[in-house]
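**Q**
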Amino acid sequence: KTQVEQSPQSLVVRQGENCVLQCNYSVTPDNHLRWFKQDTGKGLVSLTVLVDQKDKTSNGRYSATLDKDAKHSTLHITATLLDDTATYICVVGDRGSALGRLHFGAGTQLIVIP
Amino acid sequence: EAAVTQSPRSKVAVTGGKVTLSCHQTNNHDYMYWYRQDTGHGLRLIHYSYVADSTEKGDIPDGYKASRPSQENFSLILELASLSQTAVYFCASRDAANSDYTFGSGTRLLVI
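In order, the protein sequence lines correspond to chains A and B. Numbered according to our numbering, the first sequence spans residues 1 to 114. Numbered according to our numbering, the second sequence spans residues 115 to 226.
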């Protein structure tokens with residue numbers, strides 16, 4: 001059973017527009033949540049990590065929220081650029097220690113067009 | 115300089131043949147992982163290792179072996195490659211003190 005669901009599956013936006021990616025999960029316990037960016041044919045690059053019960057982070061044009069009560073996270077990208085075209089993956093870690101497991105979503109494919 | 119390097123970048127293998135995927139990290143991390151990524155699915159854990167000369171089974175270990183001859187190197191071995199093992203394979207390392215992972219660029223494996 002998929003424990004991390006991302007929506008939408010794919011998204012097309014025009015350069016300069018904002019977009020919001022959603023992540024819902026059922027992983028328990030949920031120690032932390034991380035958003036990764038994966039360019040086509042490349043590895044995963046961490047964008048941000050959220051830890052607190054209700055958390056917010058900001059990293060340039062990327063901002064994210066986490067609500068552990070709702071088991072829900074969002075990734076906001078403002079003023080999108082063509083280079084934002086990639087797959088964005090939501091990952092939930094069930095423990096803070098290295099003994100913990102990561103639970104991956106299937107990703108949202110974002111395409112930014114001119 | 116990439117901290118986690120995978121080789122080869124891509125490979126075509128014949129069904130029934132042996133395939134070895136290599137991973138080298140320069141992060142001085144104790145923990146290393148092998149994942150596979152299939153289209154439309156999240157990454158799934160195959161094998162992992164906490165220390166050199168020791169490996170552990172992940173969630174989908176069947177058909178795979180792993181080897182950790184040193185802290186820096188972690189290999190994934192497919193003794194008898196099958197069509198269902200066509201996927202992209204990612205290696206990752208992790209610092210024991212925190213939850214920071216470093217991923218390699220992936221190995222695209224096609225079994226024909």
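Glycine is no exception: its CB is placed at the ideal position from the N, C-alpha and C atoms.
Which chain A residues sit within Cβ distance under 9 Å of B:L157?
**A** L44, I89, V91, L102, F104
**Q** So B:G218 is in the beta strand (DSSP E); what residue range does that whole segment cover?
**A** Run containing B:G218: none; DSSP gives neither H nor E here.
**Q** Establish whether the CB of B:F188 and some CB of chain A are separated by less than 7 Å.
**A** no
**Q** My output table needs one value for B:Q151: the three-state DSSP class, helix, strand or coil.
**A** strand
**Q** Distance check for B:T153 and B:L190, CA to CA, integer angstroms please.
**A** 20 Å
**Q** With three or more C-beta pairs closer than 8 Å as the rule, is the region 192-200 of chain B touching the region 156-168 of chain B?
**A** no
**Q** Roughly how many whole angstroms lie between the Cα atoms of A:C90 and B:T200?
**A** 23 Å
**Q** Do A:V51 and A:V92 have their beta-carbon atoms positioned less than 7 Å apart in this structure?
**A** Cβ atoms of A:V92 and A:V51: not closer than 7 Å.
**Q** Sort B:I226, B:G220, B:N212, B:S207 by Cα distance to B:N142 and report the nearest one.
**A** When each option's Cα is compared against that of B:N142, the closest is B:S207.
**Q** Determine the contact status of B:V126 and B:C205, defining contact as a CB-CB distance below 7 Å.
**A** no
**Q** Report the three-state DSSP secondary structure of A:S63 (helix, strand or coil).
**A** strand
**Q** Would the beta-carbon of A:L21 fall within 7 Å of that of A:L75?
**A** For A:L21 and A:L75, yes; Cβs fall inside 7 Å.
**Q** How many Å lie between B:D173 and B:R158 at the Cα?
**A** 7 Å
**Q** What is the rounded straight-line gap between the Cα of A:T87 and the Cα of B:V202?
**A** 15 Å
**Q** Going by CA-CA distance only, name the one from B:G131, B:V128, B:L135 that's closest to B:R222.
**A** Nearest option by C-alpha distance: B:L135.
**Q** Determine the chain B residues that contact A:V4 at a beta-carbon separation under 8 Å, and present them in chain order.
**A** G156
**Q** Indicate the three-state DSSP secondary structure (helix, strand or coil) for B:D167 in the structure shown.
**A** coil
**Q** Hey, could you find the ends of the beta strand (DSSP E) A:K68 is sitting in?
**A** Unbroken run through A:K68: none, as it is neither H nor E.
**Q** If we call anything under 7 Å between Cβ atoms a contact, is A:D94 one with A:N24?
**A** no
**Q** Where do the ends of the beta strand (DSSP E) carrying A:T87 lie?
**A** 86-93
**Q** Beta carbons nearer than 7 Å to chain A: which residues of the region 119-136 of chain B have them?
**A** For the region 119-136 of chain B, no residue has a beta-carbon sitting nearer than 7 Å to a beta-carbon of chain A.
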